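Protein chains in written order, with my numbering: chain A, 1 to 75; chain B, 1001 to 1214.
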């Protein structure tokens, strides 16, 4: 693919994006555990740990998107 | 009617869908950075494509996966087997399935008065399926169970039992209306001032007969 614009190699992974990846990755792990093994413990892990992690991850990702858009507007 | 073993329930499909989507996200989040480094993916994939991939992996798929898991959480916890997973509820479930038991729950079960999800049908107003307060209570119970911060035997705090759970099925039925005491006490029954169990027996075995420590 030929693209004269910036490439993935040049995408700087910010701390926020890195944290979002961690939070969402962890929440996906709790989802898989809960759906694969039905028990009060996996339910607890998903409902009370995984979901807040997911919310935090999506929040961080959206924050990063907003910050990027703002930066582009300033430029 | 209880679906047969050949009928694939929607919650089972949701379960598989959730696992697949979550696995794709997880694999993607691990593999793509490694691939980018080792194969030099970054030099051939455009910035726009990278943004789309990020949006899928960090927003669209995780939202779908968590939504599916939530659907499964609320659907699956209606099943009797799901209630019986906590050892504190096991004596109630065992009594209900005991063909010799004469408790209200057991009679509803063995005579098929309730076809499916027996626990849920009589306890719709609390646990994870009721209003916001009920959902908060359900999560608190889960937290207490997992952290073992509760005392046995458990005490039923939401007294009196909400008769609306009984009346939902029984009120208006000819056999129910034919009983004079039902007609006389109708308003008291509707306000849960008189308990259905006063005349119809205990719903579950008394707490002192339940060996919860097994």
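Glycine included, every Cβ here is placed at the ideal spot set by N, Cα and C. Values in this document were obtained by computation on a predicted structure and should not be read as measured data.
Chain A contact for residue i (CB, 9 Å cutoff)
{"i": "residue 1091(B)", "result": "no"}
{"i": "residue 1056(B)", "result": "no"}
{"i": "residue 1165(B)", "result": "no"}
{"i": "residue 1077(B)", "result": "yes"}
{"i": "residue 1105(B)", "result": "no"}
{"i": "residue 1119(B)", "result": "no"}
{"i": "residue 1025(B)", "result": "yes"}
Residue i CB to nearest heavy atom of the ligand HEM below 8 Å
{"i": "residue 1051(B)", "result": "With respect to small molecules bound, the structure shown includes none, and the ligand HEM cannot be examined in it."}
Residue i versus the options, residue with shortest Cα-Cα distance
{"i": "residue 1168(B)", "options": "1198(B), 1149(B), 1152(B), 1114(B)", "result": "1114(B)"}
{"i": "residue 1201(B)", "options": "1108(B), 1071(B), 1084(B)", "result": "1108(B)"}
{"i": "residue 21(A)", "options": "66(A), 70(A), 62(A)", "result": "62(A)"}
{"i": "residue 1051(B)", "options": "68(A), 49(A), 56(A)", "result": "68(A)"}
{"i": "residue 1072(B)", "options": "53(A), 60(A), 46(A)", "result": "46(A)"}
{"i": "residue 1054(B)", "options": "1151(B), 1164(B), 1120(B), 1033(B)", "result": "1033(B)"}
{"i": "residue 1190(B)", "options": "1172(B), 1065(B), 1019(B)", "result": "1172(B)"}
{"i": "residue 1017(B)", "options": "1061(B), 1176(B), 1057(B), 1028(B)", "result": "1061(B)"}
{"i": "residue 1083(B)", "options": "1179(B), 1145(B), 1068(B), 1102(B)", "result": "1145(B)"}
{"i": "residue 48(A)", "options": "1163(B), 1066(B), 1031(B)", "result": "1066(B)"}
{"i": "residue 1056(B)", "options": "1141(B), 1035(B), 1021(B)", "result": "1021(B)"}
Neighbour flag for residue i against chain B, beta carbons, 9 Å
{"i": "residue 73(A)", "result": "no"}
{"i": "residue 14(A)", "result": "no"}
{"i": "residue 20(A)", "result": "yes"}
{"i": "residue 17(A)", "result": "yes"}
Exposed unless 16 or more other CB atoms sit within 10 angstroms - verdict on residue i
{"i": "residue 1001(B)", "result": "The predicted model places residue 1001(B) with a pLDDT of 41, which falls under 50 and marks its position as unreliable; any figure quoted below should be read in that light. It is exposed - the Cβ of residue 1001(B) has fewer than 16 other Cβ atoms within 10 Å."}
{"i": "residue 25(A)", "result": "buried"}
{"i": "residue 57(A)", "result": "buried"}
{"i": "residue 1081(B)", "result": "exposed"}
{"i": "residue 1027(B)", "result": "exposed"}
| What residues from the region 22 to 49 of chain A come within 8 Å of chain B, judged by C-beta to C-beta, listed N to C? | Per Cβ criterion, the list reads 24, 25, 27, 28, 29, 31, 32, 34, 35, 36, 38, 39, 40, 41, 43, 44, 46, 47, 48.
| request: Compile a chain-ordered list of the residues in the region 51 to 63 of chain A whose CB is closer than 8 Å to at least one CB of chain B. | output: 51, 54, 57, 58, 61, 62
| Taking any Cβ of chain A, which residues in the region 1133 to 1147 of chain B have a Cβ under 7 Å from it, in chain order? | 1139, 1142, 1143, 1145, 1146
| Between the region 1057 to 1069 of chain B and chain A, which residues of the former have a C-beta closer than 9 Å to a C-beta of the latter? | 1057, 1058, 1059, 1061, 1062, 1063, 1065, 1066, 1068, 1069
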